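K.L.:
The structure that follows is given in the form of C-alpha cells.
Protein chains: 2
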Amino acid sequence: MQIAVALYDRVTALDAIGPYEILSRLPGASLSFVAAEAGPVRADTGRLALVADSSWDEVPAPDLVLVPGSPAAPTGDRRLLEWLRAADAGTTWTTSVCTGSLILAAAGLLTGRRATTHWLAHDLLGSFGAVPVAERVVVDGRYATAAGVSAGIDLALDLAARIAGPEVAQTIQLAIEYDPAPPFDAGSPRTAPPSIVDRLRADRHLMLDA
Amino acid sequence: MQIAVALYDRVTALDAIGPYEILSRLPGASLSFVAAEAGPVRADTGRLALVADSSWDEVPAPDLVLVPGSPAAPTGDRRLLEWLRAADAGTTWTTSVCTGSLILAAAGLLTGRRATTHWLAHDLLGSFGAVPVAERVVVDGRYATAAGVSAGIDLALDLAARIAGPEVAQTIQLAIEYDPAPPFDAGSPRTAPPSIVDRLRADRHLMLDA
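Chains as they are written, first to last, in the working numbering: chain U, 232 to 441; chain D, 232 to 441.
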C-alpha cells in the first residue's frame with residue numbers, strides 16, 4: 232500500500248506527523264512525503280522544515296492520500312489540485328487533517344460530501360461545496376477528514392483499523408502510547424471555557440489567514 | 232524564552248513535533264531544532280527527515296531543553312551528553328519524551344529523580360539511575376519527562392500552563408483542537424487487551440532496539 236502525505240509551504244507539521252507516525256507502521260505500507268519538488272518544505276511557524284522525499288510526478292497513483300492543513304491552505308495551487316484530482320481517481324482513501332479538507336474541497340473532491348475541518352473553518356469548508364459536520368473524524372465513502380491539527384491522530388487510528396483490522400490499530404496505539412490525558416478540557420469549542428473560545432476567535436489569524 | 236528541541240539520527244518524529252506544535256505557540260518563545268549540525272536529520276522510519284536549524288554550539292544556553300526519544304536512543308553520544316549537561320546548568324526546564332529520558336539519565340541528569348519513559352523502557356530507565364514512575368507526565372523539580380511518543384503533547388500542555396498560565400495553555404489546546412477521541416482504549420499496557428500487550432512485548436524491537 233502506497234501512502235502519500237502531501238507537503239507544501241506553511242504546512243502545520245503536527246497535521247502531517249501525527250498520522251505519519253501511525254500510518255507508516257501499517258504492515259506492508261510504504262509512506263512518502265510528496266511536494267512540488269523533493270527537498271525541505273517550511274512549516275507554518277517558520278522554525279521547522281520537513282523534507283519531502285518525492286515530487287508530485289514521482290507519486291502519481293498512491294493508494295492513500297493525506298492532505299494536512301495550514302493557516303494558509305493553498306486552495307489555489309493548481310499543480311497541487313491537479314495532482315490531487317489525478318491521484319484521487321485511483322485511491323482507496325482520500326483523506327485530510329484540519330484545513331487540508333479545504334484543499335480537497337477546492338479540488339472538487341468533497342462536493343456534496345460530509346466532511347470536517349478545524350472548528351474555525353467550518354463556514355469556509357461549506358463555501359467550497361462540502362457539507363461541514365462538527366465531528367472529530369468524518370468518513371463519507373472513501374473520503375475521511377479530521378478536525379483541527381491533533382485530530383489527525385484519531386483519524387489515522389480509525390483508518391489503520393479499517394485498513395489492517397482493529398488488532399493492528401490497537402498495537403500501533405500501544406506502540407505510540409496514545410492514552411491521552413490533556414491537563415484541561417479545552418480542546419473543543421464545546422468544552423473550552425467561553426472566554427478561551429472568544430479569545431481564539433479574536434485571534435483566529437493564528438490558525439487561519441482567511 | 233529560548234526553547235531547544237534536540238534532534239539526532241533515528242529520532243521518533245512525533246516525540247519532537249507534538250511538543251513543538253504547543254511550545255512554539257508560547258508568547259515570547261523562540262524555538263530551535265538543534266542537532267550535531269544544522270541540516271536534515273533522519274527519523275526512525277527512514278521515510279522522513281526533520282531539518283535542524285542550529286548546531287549544539289549555536290544554542291549553548293536554552294531556557295528549556297526537550298529531548299525526544301527513539302528506538303535507538305543515543306545514550307552513548309558524547310557530544311550530545313556534554314551539550315545536555317552544559318545546557319542543563321542554566322535551564323528552567325529540562326524535559327524529555329519517550330526514551331529521551333534515557334538520554335537525560337545517561338547524561339547523569341536524572342540520578343535519583345522520579346521520571347518516566349516509554350512503557351517498554353522502564354527497567355532500562357532504572358538501570359541509568361533514575362526512579363521509573365508509571366505515569367504519563369512526571370515532574371521532579373525542573374525535570375519533566377513524558378511517557379511514550381504521543382505523551383509529549385500532554386507534557387507540553389502541562390509545561391505551557393506552568394510557564395505561561397492555564398489560559399494560554401487552554402488557548403493553545405483549543406488552537407490545535409486537542410480533544411482526543413481514540414477509537415480504542417489500547418494506549419496503555421494497563422488498558423490494552425492483554426493479547427495486544429503480549430504482541431508488542433514480543434515485537435519490542437519495533438520501539439526499542441535495546
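For glycine and all other residues, C-beta sits at the position ideal for the given N, C-alpha and C. It should be emphasised that the depicted structure is a prediction, and the values quoted were computed from it without experimental measurement.
List, in chain order, every chain D residue whose beta-carbon is nearer than 8 Å to that of U:Gln404.
P.N.:
Position 173 of the first sequence, counting from 1, holds the residue named residue 404 of chain U. Chain D residues near U:Gln404: Pro413, Phe415, Ala417, Gly418 and Ala423.
K.L.:
Can you confirm whether the stretch 328-340 of chain D touches the stretch 295-307 of chain D when touching is taken to mean that 3 or more C-beta pairs between the two stretches lie within less than 8 Å?
P.N.:
Yes, since at least three Cβ pairs between the stretch 295-307 of chain D and the stretch 328-340 of chain D fall closer than 8 Å, the two stretches touch.
K.L.:
When the cut-off is 9 Å and only beta carbons count, does D:Ala365 lie next to chain U?
P.N.:
Taking the second sequence and counting its residues from 1, one reaches residue 365 of chain D at position 134. No, its Cβ sits nowhere closer than 9 Å to a Cβ of chain U.
K.L.:
Any idea which residues DSSP pairs D:Phe264 with across the strands?
P.N.:
Counting from 1 along the second sequence, the entry for residue 264 of chain D is found at position 33. Bridge partners of D:Phe264: D:Val236.
K.L.:
Answer yes or no: do D:Ile350 and U:Glu408 have a C-beta to C-beta separation smaller than 9 Å?
P.N.:
The sequence position of residue 350 of chain D within the second sequence is 119, counting from 1. The sequence position of residue 408 of chain U within the first sequence is 177, counting from 1. For the sequence presented, residue 350 of chain D should be read as Trp rather than Ile. Going by C-beta atoms, D:Trp350 is nearer than 9 Å to U:Glu408.
K.L.:
Residue range of the beta strand (DSSP E) that D:Gly270 falls in?
P.N.:
Reading the second sequence from its first residue, position 39 is the one you call residue 270 of chain D. It spans Gly270 to Arg273 - the beta strand (DSSP E) in which D:Gly270 sits, taken as one unbroken run.
K.L.:
Give me the Cα-Cα distance between U:Asp385 and U:Asp354, rounded to the nearest whole angstrom.
P.N.:
Walking along the first sequence from the start, residue 385 of chain U turns up at place 154. Walking along the first sequence from the start, residue 354 of chain U turns up at place 123. If you take the alpha carbons of U:Asp385 and U:Asp354, they lie about 23 Å apart.
K.L.:
Where U:Trp287 and U:Val265 are concerned, what is the direct C-alpha to C-alpha distance, given to the nearest angstrom?
P.N.:
Residue 287 of chain U sits at position 56 when you count from the first residue of the first sequence. Residue 265 of chain U sits at position 34 when you count from the first residue of the first sequence. Each residue's Cα considered, the two are about 6 Å apart.
K.L.:
Is the number of C-beta pairs between the stretch 358-365 of chain D and the stretch 386-396 of chain U that are closer than 8 Å three or more?
P.N.:
Result no; under three Cβ-Cβ pairs closer than 8 Å.
K.L.:
Which chain D residues are close to U:Gly249, counting only those with a beta carbon under 7 Å from its beta carbon?
P.N.:
In the first sequence, the residue the question calls residue 249 of chain U occupies position 18. Going along chain D in sequence order, the residues near U:Gly249 (Cβ under 7 Å) are Leu245.
K.L.:
Beta carbons nearer than 7 Å to chain U: which residues of the stretch 278-306 of chain D have them?
P.N.:
Of all residues in the stretch 278-306 of chain D, Arg278, Leu279, Ala280, Leu281, Val282 and Asp284 have a Cβ within less than 7 Å of some Cβ in chain U.
K.L.:
May I ask you to report which of helix, strand or coil DSSP gives D:Asp286?
P.N.:
In the second sequence, counting from the first residue as 1, residue 286 of chain D sits at position 55. The question names Asp, but residue 286 of chain D in the sequence shown is Ser. Looking at D:Ser286 - three-state DSSP - the assignment turns out to be strand.
K.L.:
Checking the sheet assignment: what are the DSSP bridge partners for D:Ala377?
P.N.:
What you label residue 377 of chain D is simply residue 146 of the second sequence in a count that begins at 1. D:Ala377 pairs with D:Val328 and D:Val368.
K.L.:
Exposed or buried, what is U:Pro258 when buried is set at 16 or more other beta-carbons lying within 10 Å of its beta-carbon?
P.N.:
As a position in the first sequence, residue 258 of chain U is number 27, starting the count at 1. The residue in question, U:Pro258, is exposed, as its Cβ has fewer than 16 Cβ neighbours within 10 Å.
K.L.:
Quick check: is the beta carbon of U:Gly379 nearer than 9 Å to any beta carbon in chain D?
P.N.:
Position 148 of the first sequence, counted from the first residue, corresponds to residue 379 of chain U. It does; some Cβ of chain D falls within 9 Å.
K.L.:
Starting from D:Val242, follow the alpha helix (DSSP H) in both directions and report where the run begins and ends.
P.N.:
For the purposes of this step, residue 242 of chain D is identified with residue 11 of the second sequence, where counting begins at 1. Note, D:Val242: premise wrong, no alpha helix (DSSP H); not H, not E.
K.L.:
Is it buried or exposed, U:Glu268, if we count other Cβ atoms within 10 angstroms and call 16 or more buried?
P.N.:
Mapped onto the first sequence, residue 268 of chain U falls at position 37. By the neighbour-count rule (16 or more Cβ atoms within 10 Å), U:Glu268 is not buried but exposed.
K.L.:
Quick one: is D:Ala382 buried, meaning 16 or more other Cβ sit within 10 Å of its Cβ, or exposed?
P.N.:
Here residue 382 of chain D is taken as the residue at index 151 of the second sequence, counted from 1. Burial call: buried.
K.L.:
I think D:Ala338 touches D:Thr376, with their Cβ atoms under 8 Å apart; what is that distance to the nearest whole Å?
P.N.:
Taking the first residue of the second sequence as 1, we reach residue 338 of chain D at position 107. Taking the first residue of the second sequence as 1, we reach residue 376 of chain D at position 145. The pair is not a contact, with the Cβ atoms about 13 Å apart (cut-off 8 Å).
K.L.:
Would you please verify whether the beta carbon of U:Pro271 is less than 9 Å from any beta carbon of chain D?
P.N.:
What you label residue 271 of chain U is simply residue 40 of the first sequence in a count that begins at 1. Output row for U:Pro271: interface = yes.
K.L.:
Since D:Leu257 is in the beta strand (DSSP E), which residue starts that stretch and which ends it?
P.N.:
Your numbering for residue 257 of chain D matches position 26 in the second sequence. Note, D:Leu257: premise wrong, no beta strand (DSSP E); not H, not E.
K.L.:
To which residues does DSSP link D:Leu295 through a beta bridge?
P.N.:
Indexing the second sequence from 1 puts residue 295 of chain D at position 64. Its beta-bridge partners are D:Ile234 and D:Trp324.
K.L.:
Are U:Ala497 and U:Thr325 close, meaning C-beta to C-beta below 9 Å?
P.N.:
Outside the shown range of chain U (232 to 441) lies residue 497 of chain U, about which nothing can therefore be said.
K.L.:
Quick one: give me the first and last residue of the alpha helix (DSSP H) that U:Trp350 is part of.
P.N.:
Taking the first sequence and counting its residues from 1, one reaches residue 350 of chain U at position 119. From DSSP, U:Trp350 is part of no alpha helix (DSSP H); its letter is neither H nor E.
K.L.:
Using 9 Å as the limit for Cβ to Cβ distance, is D:Leu333 near chain U?
P.N.:
In the second sequence, the residue the question calls residue 333 of chain D occupies position 102. D:Leu333 does not count as touching chain U.
K.L.:
Would you give the residue range spanned by the alpha helix (DSSP H) that D:Ala304 belongs to?
P.N.:
To locate residue 304 of chain D, count along the second sequence from 1; it is residue 73. No alpha helix (DSSP H) holds D:Ala304; DSSP gives it neither H nor E.
K.L.:
Which whole-angstrom value describes the C-beta separation of D:Arg373 and D:Thr323, a residue pair presumed to lie in contact below a C-beta threshold of 8 Å?
P.N.:
Taking the first residue of the second sequence as position 1, residue 373 of chain D is located at position 142. Taking the first residue of the second sequence as position 1, residue 323 of chain D is located at position 92. Yes, D:Arg373 and D:Thr323 are in contact; Cβ-Cβ is about 6 Å, under 8 Å.
K.L.:
D:Arg327: which of D:Ile248, D:Glu398 and D:Ser285 sits nearest, CA to CA?
P.N.:
As a first step, residue 327 of chain D is located in the second sequence; it is residue number 96 there, counting from the start. A small correction: the amino acid at residue 327 of chain D is Ser; Arg does not occupy that position in the sequence shown. Measuring from the Cα of D:Ser327, the nearest candidate turns out to be D:Ile248.
K.L.:
Judging by CA-CA distance, which residue of U:Asp284, U:Thr243 and U:Ala320 is the nearest neighbour of U:Leu262?
P.N.:
Walking along the first sequence from the start, residue 262 of chain U turns up at place 31. Taking only the C-alpha atoms, the option nearest U:Leu262 is U:Asp284.
K.L.:
What does DSSP give as the partner residues of U:Leu442 in its beta bridges?
P.N.:
The structure shown does not extend to residue 442 of chain U, since chain U spans only 232 to 441, so no value can be given for it.
K.L.:
Apart from the five residues just before and just after D:Gly300, which ones in its own chain have a Cβ nearer than 6 Å to its Cβ?
P.N.:
For the purposes of this step, residue 300 of chain D is taken as residue 69 along the second sequence, with counting starting at 1. Only Thr243, Asp246, Val328, Cys329, Thr330 and Gly331 meet the Cβ criterion.
K.L.:
Can you find a C-beta in chain U that's less than 9 Å from the C-beta of D:Leu262?
P.N.:
What you label residue 262 of chain D is simply residue 31 of the second sequence in a count that begins at 1. Yes, its Cβ sits closer than 9 Å to a Cβ of chain U.
K.L.:
May I ask you to report which of helix, strand or coil DSSP gives U:Pro363?
P.N.:
As a working note, residue 363 of chain U is residue 132 in the first sequence. If DSSP states are grouped into helix, strand and coil, U:Pro363 belongs with the strands.
K.L.:
Tell me where the alpha helix (DSSP H) around D:Leu340 begins and ends.
P.N.:
The residue given as residue 340 of chain D occupies position 109 in the second sequence. Here D:Leu340 belongs to no alpha helix (DSSP H), and DSSP marks it neither H nor E.
K.L.:
Please classify U:Pro411: does DSSP put it in a helix, a strand, or coil?
P.N.:
Walking along the first sequence from the start, residue 411 of chain U turns up at place 180. U:Pro411: coil per DSSP, three-state reduction.
K.L.:
If you draw a straight line from the C-alpha of D:Ser255 to the C-alpha of U:Arg278, how long is it?
P.N.:
Stepping through the second sequence from its first residue, residue 255 of chain D is reached at position 24. Stepping through the first sequence from its first residue, residue 278 of chain U is reached at position 47. So the alpha carbons of these two residues sit roughly 8 Å apart.
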